[in-house]
Structures are given as structure tokens and as C-alpha cells.
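To keep things clear, I will list the structure first and then write my remarks on it.
Number of protein chains: 2
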Amino acid sequence: MGEPRWLDEREARVWQAYLAVDRELHSALERQLVRDSGLSNADYALLVPLSEAEDGVVRSRELGALVGWERSRLSHQVARMEKRGLVTREECVEDARGSMVRLTPAGRAAIESAAPGHVETVRRYVFDGLSAEEAEVLDRVFHRVLDRIAADG
Amino acid sequence: MGEPRWLDEREARVWQAYLAVDRELHSALERQLVRDSGLSNADYALLVPLSEAEDGVVRSRELGALVGWERSRLSHQVARMEKRGLVTREECVEDARGSMVRLTPAGRAAIESAAPGHVETVRRYVFDGLSAEEAEVLDRVFHRVLDRIAADG
DNA sequence: CCGACATTGGTGACACGTCAACATGTTGTT
DNA sequence: AACAACATGTTGACGTGTCACCAATGTCGG
Numbered sequence: 000m001g002e003p004r005w006l007d008e009r010e011a012r013v014w015q016a017y018l019a020v021d022r023e024l025h026s027a028l029e030r031q032l033v034r035d036s037g038l039s040n041a042d043y044a045l046l047v048p049l050s051e052a053e054d055g056v057v058r059s060r061e062l063g064a065l066v067g068w069e070r071s072r073l074s075h076q077v078a079r080m081e082k083r084g085l086v087t088r089e090e091c092v093e094d095a096r097g098s099m100v101r102l103t104p105a106g107r108a109a110i111e112s113a114a115p116g117h118v119e120t121v122r123r124y125v126f127d128g129l130s131a132e133e134a135e136v137l138d139r140v141f142h143r144v145l146d147r148i149a150a151d152g
Numbered sequence: 000m001g002e003p004r005w006l007d008e009r010e011a012r013v014w015q016a017y018l019a020v021d022r023e024l025h026s027a028l029e030r031q032l033v034r035d036s037g038l039s040n041a042d043y044a045l046l047v048p049l050s051e052a053e054d055g056v057v058r059s060r061e062l063g064a065l066v067g068w069e070r071s072r073l074s075h076q077v078a079r080m081e082k083r084g085l086v087t088r089e090e091c092v093e094d095a096r097g098s099m100v101r102l103t104p105a106g107r108a109a110i111e112s113a114a115p116g117h118v119e120t121v122r123r124y125v126f127d128g129l130s131a132e133e134a135e136v137l138d139r140v141f142h143r144v145l146d147r148i149a150a151d152g
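Set out below in C-alpha cells:
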């Protein structure tokens, strides 16, 4: 094994800052969403691709791929949203194993009412304070991290 | 109100990449920790400041401040960890409302066994692919975001 | 066609996180 | 001392996320 390579001072500061952003940004966005629209981050994540889809219908498999969720997580979230009338589930014609998720009118109304405030909040906390050069660095670094994770299996 | 200022193409790409990093990095680190040490991210977050404290004892209020958690979240997590023998709770001498959290020998053994592999994983996914200039940008941007959230109340 | 294998989705159990409500103790004002 | 206001921590309920497992269906080689 050998001596572990601990993080140096700068690295530790960056890592702590990342963890804090993770925590604070997630909870700030969640609070804003719940307060202004009664939606959670999880609701919002699914409503966006659904509202952009043809007829507001997406197959579960496809929806999971679009948001990067595992099937179980998706199934639980859809069940909760179905109970609140935001979506319905239908059988899939082409593949009897499959399941289609359909946005209800209430679901569409919810996302349309929530989106402007949510985007405005993301903008206020993140992008209004970000230069073009910084955005470029973030984009590059984030994708590199994703590649390194994916390369790992 | 006026027309909402939607994210432009670059901003949307950066935001999607951030959300993906949030998801993938969190779950990759959690899997590595659970697999190699039987600890969760939440366990690890508390064990670090505890193991660095004098005698492995920290007052709950202080522990919450160190990791940036609310009291309820901390209380639940400490209860779970106490049940598994990683920490114990004691009464606080100076303030009868307070509560002290003490690292057990098993808790210390767990964090000491987990830390090298965890740091190695963070390094592999993040810092080994990061230049000094990029680290500086991340540090600056993350702290700016935190400031903007804090300024909001 | 048949049987092994993979894909898709759902379920129950449990860990994690947040909120509101509560109990208790401390502090500051009068 | 008496009281209000605040600080600290716990609890229960519920939404969220993961894992292991199951059931149903599809696919492909024989």
C-alpha cells in the first residue's frame, strides 16, 4: 500500500468548499422550490424531461436515462408523484415489460409555475456571479471528473 | 416579474454537469466507503472531526457547526452511529442542555481504516486530474456561491 | 420451438434528511 | 425572584435513495 497521499492544504480547502456547496445549494434550492411551488428537487428533476417530451409521455427506461437515475429510485419517485396527481403510469405498447410515464395537466401546471423561480434562484446563486472564463473551467473540470468516475467502472 | 431569464446553452451545460457530478461523485464515494469499510458518507463526515478532537470528544453543538448540519440531522445520525457502537453520548458538564459525543475505540479504528482508501478515491476522481489553476478557480467559485447563498438569508 | 440469459420494472427494508413539535435548561430584563 | 426570550437537543412523521430480490417479458443460440 505505502503511505497514503493526504490532501494538501489547498486541496483540502477546495474539497471542503465543494462539500459545503453540495449541502447548501441543494437545500437552498429545495427550500425555494417547496416554498414557492410545493415541488421538491426530485419532482422537478422528473418534470423537466417530461414537459419537454412529445405529449408529455416518456418511457420509464428513457426517463431514467435522461435524469441518470437507477430504476428503483425512479420507480419510487414516480409512485410518490402519481399519488399526488403529477403523473400517471400506463402500459407500454411496444414492450409489455415497459411502463410509460405521462405528465398530467396538474403536473404541467406545476412545472410551468415552478420553472421561472427555480431558474432565477440558480442564476442568483451561481451564474450571475460567474465569468465566462470560470464557466468554461467548471464545464471542463466537471466533465473530466465524470469521465474519471465512468472510466473506473 | 417580466420574462424569466433562462439559462443559455453554456450555462445549461455547466448546470447539467454540476448535477451529474453531484450524483455520480456522491454515489461513487458512498459505494467505495461501504464496500471497503462499512461506513457511509454520513458516518465519515462525523468521524473526521471526532477523530481530530481532543480525546475524541466534541459537544453536539460544536460538532454540528464543524460539519454544517442542523441539530435534528446530527441527532438522528449520532443515534444511528451509537447503535452500531461507533460513538457514545454523554451529558455535558458546563451546560445541562448540552450533549457530548465521544468516539469509541471501534469508531476510531473504523475511521483510521477508512481514511486512506477514501482520500485515495477522492484523489483519483478529482484532484489527480486537476491543475493548480483549475483548483484555484474552483476554490474561488465555490466560496463565491456560498457567499451568495449566505447573503440571501 | 426451447431453454438460458438479459432487460425492465416493482417492492420491502432500511439508511438518510427535513420539518414541526416538544422538553429542558440558560440568559437577560425588570 | 419572576418572567420572557432564546438555546440545545430529541422525537415522530414523512419524503428521499439504495440494496437485494422478485416477476414478467424479450432475445438469442441450439
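Chains as they are written, first to last, in numbering that gives the first Met the number 0: chain A, 0 to 152; chain B, 0 to 152.
Even glycine gets a Cβ: it sits at the ideal position worked out from N, Cα and C.
The shortest CA-to-CA distance from Glu8(A) to any of Glu81(B), Arg30(B), Ala134(B) and Arg12(B) is the one to Ala134(B). For a Cβ distance threshold of 7 Å, nothing in chain A lies close to Val33(B): the least Cβ distance comes to about 16 Å. Per the coordinates, the alpha-carbon of Glu89(A) lies some 35 Å from the alpha-carbon of Glu10(B). Burial check for Val92(B): the Cβ neighbour count within 10 Å stays below 16, so the residue is exposed.
At a cut-off of 7 Å, the C-beta of Leu137(A) has a neighbouring C-beta in chain B. Between Ala105(A) and Leu85(A), the beta carbon gap of about 6 Å places them in contact (Cβ cut-off 8 Å). Minimum Cα-Cα distance from Ser50(B) among the listed residues Glu69(B), Ile110(B), Gly37(B) and Arg30(B) corresponds to Ile110(B). Chain-ordered, the chain B residues with CB closer than 9 Å to the CB of Gly128(A) read Val140, Arg143, Val144, Asp146 and Arg147. Counting along the chain, the unbroken beta strand (DSSP E) around Ser98(B) starts and ends at Ser98 to Leu102.
Contact between Ala19(A) and Leu145(B) is confirmed by a C-beta separation of about 6 Å, below the 8 Å threshold.
Taken through DSSP and simplified to helix, strand or coil, Val86(B) comes out as strand.
In the structure shown, Val125(A) adopts coil according to DSSP, grouped into three states.
If only complete runs of 3 or more residues are kept, the stretch 1-70 of chain B shows the beta strand (DSSP E) at 56-58, in order along the chain.
Rounded to the nearest whole angstrom, the CA to CA distance from Trp5(A) to Ser98(A) is 47 Å.
Sequence-distant partners of Leu65(B) (beyond 5 residues in either direction) whose C-beta falls short of 6 Å from its own C-beta, in its chain, are Pro48.
If the five residues before and after Asp35(B) are omitted, its C-beta is found closer than 6 Å to the C-beta atoms of Gly116, all from its own chain and listed in chain order.
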